[in-house]
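Asker: Quick one: structure below, then a few questions.
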Amino acid sequence: MLYIIGLGLYDEDDISIKGMKTLKRCDRIFAEFYTAKLKDQKLSTIREKTGKDVKILAREEIEEDMTPLKYAQGEDVALLVPGDPLVATTHSNLILEARKKNIKTRIIHSSSIFSAAPGLAGLQIYKFGKTTTIPFPEKNYFPHSPYLTIKDNLEYNAHTLILLDIKAEENRYMSANEGLEYLLRVEKERKENIIDLNTLAVVLARVGSSDPLIRADLIKRLIVEDFGRPLHCLIIPSTLHFLEAEYLIEIGGAPPDILK
Ligand SMILES: C[S@@+](CC[C@H](N)C(=O)[O-])C[C@H]1O[C@@H](n2cnc3c(N)ncnc32)[C@H](O)[C@@H]1O
Numbered sequence: 001m002l003y004i005i006g007l008g009l010y011d012e013d014d015i016s017i018k019g020m021k022t023l024k025r026c027d028r029i030f031a032e033f034y035t036a037k038l039k040d041q042k043l044s045t046i047r048e049k050t051g052k053d054v055k056i057l058a059r060e061e062i063e064e065d066m067t068p069l070k071y072a073q074g075e076d077v078a079l080l081v082p083g084d085p086l087v088a089t090t091h092s093n094l095i096l097e098a099r100k101k102n103i104k105t106r107i108i109h110s111s112s113i114f115s116a117a118p119g120l121a122g123l124q125i126y127k128f129g130k131t132t133t134i135p136f137p138e139k140n141y142f143p144h145s146p147y148l149t150i151k152d153n154l155e156y157n158a159h160t161l162i163l164l165d166i167k168a169e170e171n172r173y174m175s176a177n178e179g180l181e182y183l184l185r186v187e188k189e190r191k192e193n194i195i196d197l198n199t200l201a202v203v204l205a206r207v208g209s210s211d212p213l214i215r216a217d218l219i220k221r222l223i224v225e226d227f228g229r230p231l232h233c234l235i236i237p238s239t240l241h242f243l244e245a246e247y248l249i250e251i252g253g254a255p256p257d258i259l260k
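For the sequence shown, UniProt numbering begins at 1 and goes up steadily by one.
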């Protein structure tokens, strides 16, 4: 049996009681931190409370080698995944492979940035369009797709949740500032007047912690601020309902004239 268990948003205390009970029954525990990260990835409490070791797997060990499936035929195996385990990850592939091998699977959900970020920013989740991820640019790799997603969403009057790239093996987590610079660079190349220094954006950092950061302001002010430790994500809002605007002013420090 393979259990895919969500670790939630910030630290190992975010795992559900159901998740912990399941871990105690499992013969073997794996974890991955390439789709997102926790504050501390040693998982000392989980190791202590289950009395079991937790082996951290790299992307290739899951996506290519399917390591958890090698053991799940004869044992109860858990794979711990940050956030909600099937949201913005490729772990559904593991489930399909498990089915081919007649291995039973079960998902234990947890909190996700997909619902936490809109909620914390006071924005209606019903008013969001497609989510996008900004990748780390490389020499011959600078896709405009995140900008085009924002453009499409704005056409439908929808807000955009923007996730930021992770290169876990290099310990690199894109900051909100890097994400905003990326979007301004695309604007400079495309000149479609979608985003500029006077566009309103929302930065969220360390969601799930006891003191998450929620900052709403014009990009020209956000881009020079220091938002602290990762993880960060962004929202580019569309037209705001007055309650959404009031929330961003009150909680995120947005300029009061966004209410107009
Ligand atoms: C590929 S998504 C993984 C989503 C995860 N499965 C979930 O359900 O929350 C990872 C990206 O989401 C954003 N993210 C995830 N957790 C976050 C947090 N606690 N605070 C801020 N941003 C977060 C970051 O931009 C990060 O690079």
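Every residue gets a Cβ at the ideal spot worked out from N, C-alpha and C, and that includes glycine.
Because the structure is a prediction, the values reported are computed rather than measured.
Run the Cβ filter for me: residues under 5 Å from any heavy atom of ligand 1, listed in the order they occur in the chain.
Answerer: Qualifying residues, in the order they occur: L9, T35, A36, G83, D84, V87, A88, S112, I113, L163, L164, I166, V207, G208, L231 and C233.
Asker: Using DSSP with H/G/I as helix, E/B as strand and the rest coil, what is residue 261?
Answerer: Residue 261 lies beyond the range of the chain shown here (1 to 260); nothing can be said about it.
Asker: Here's the rule I'm using: 16 or more other beta-carbon atoms within 10 Å means buried, otherwise exposed. How should E60 be labelled?
Answerer: Against the sequence shown, residue 60 aligns to sequence position 60. By the 10 Å Cβ count, E60 comes out exposed.
Asker: Start and end of the alpha helix (DSSP H) containing K49?
Answerer: Your numbering for residue 49 matches position 49 in the sequence shown. It spans S44 to T50 - the alpha helix (DSSP H) in which K49 sits, taken as one unbroken run.
Asker: Our contact map puts R28 next to V77 with C-beta atoms below 8 Å; I'd like the distance itself, whole angstroms only.
Answerer: For this step, residue 28 is matched to residue 28 along the sequence shown. For this step, residue 77 is matched to residue 77 along the sequence shown. Their Cβ separation, rounded to whole angstroms, is 5 Å, which keeps R28 and V77 in contact under 8 Å.
Asker: Thinking just about the alpha-carbon of each residue, which of T35, K39, I17 and N198 is nearest to the one in G208?
Answerer: On the sequence shown, residue 208 is found 208 positions in, with the first residue counted as 1. Per the Cα distances, K39.
Asker: With 16 other CB atoms within 10 Å as the buried threshold, where does D53 fall?
Answerer: Here residue 53 is taken as the residue at index 53 of the sequence shown, counted from 1. Flag for D53 reads exposed.
Asker: With a cut-off of 8 Å, do at least 3 Cβ pairs link the stretch 158–169 to the stretch 210–219?
Answerer: The stretch 158–169, when compared against the stretch 210–219, does not touch it at the 8 Å Cβ threshold.
Asker: Run the CB neighbour count on L43, radius 10 Å, all protein chains shown included, and call it buried at 16 or more, exposed below.
Answerer: Counted from its first residue, the sequence shown places residue 43 at position 43. It is buried - the Cβ of L43 has at least 16 other Cβ atoms within 10 Å.
Asker: Cβ atoms of F33 and P82: under 8 Å apart, would you say?
Answerer: As a first step, residue 82 must be located in the sequence shown, where it is residue number 82. As a first step, residue 33 must be located in the sequence shown, where it is residue number 33. Contact flag set, yes.
Asker: Helix, strand or coil: which one does DSSP assign to K139?
Answerer: As a first step, residue 139 must be located in the sequence shown, where it is residue number 139. Coil.
Asker: Please classify Y182 as buried or exposed, where buried requires at least 16 neighbouring CB atoms within 10 angstroms.
Answerer: Numbered from its first residue, the sequence shown carries residue 182 at position 182. With 16 or more Cβ atoms within 10 Å of its Cβ, Y182 is classed as buried.
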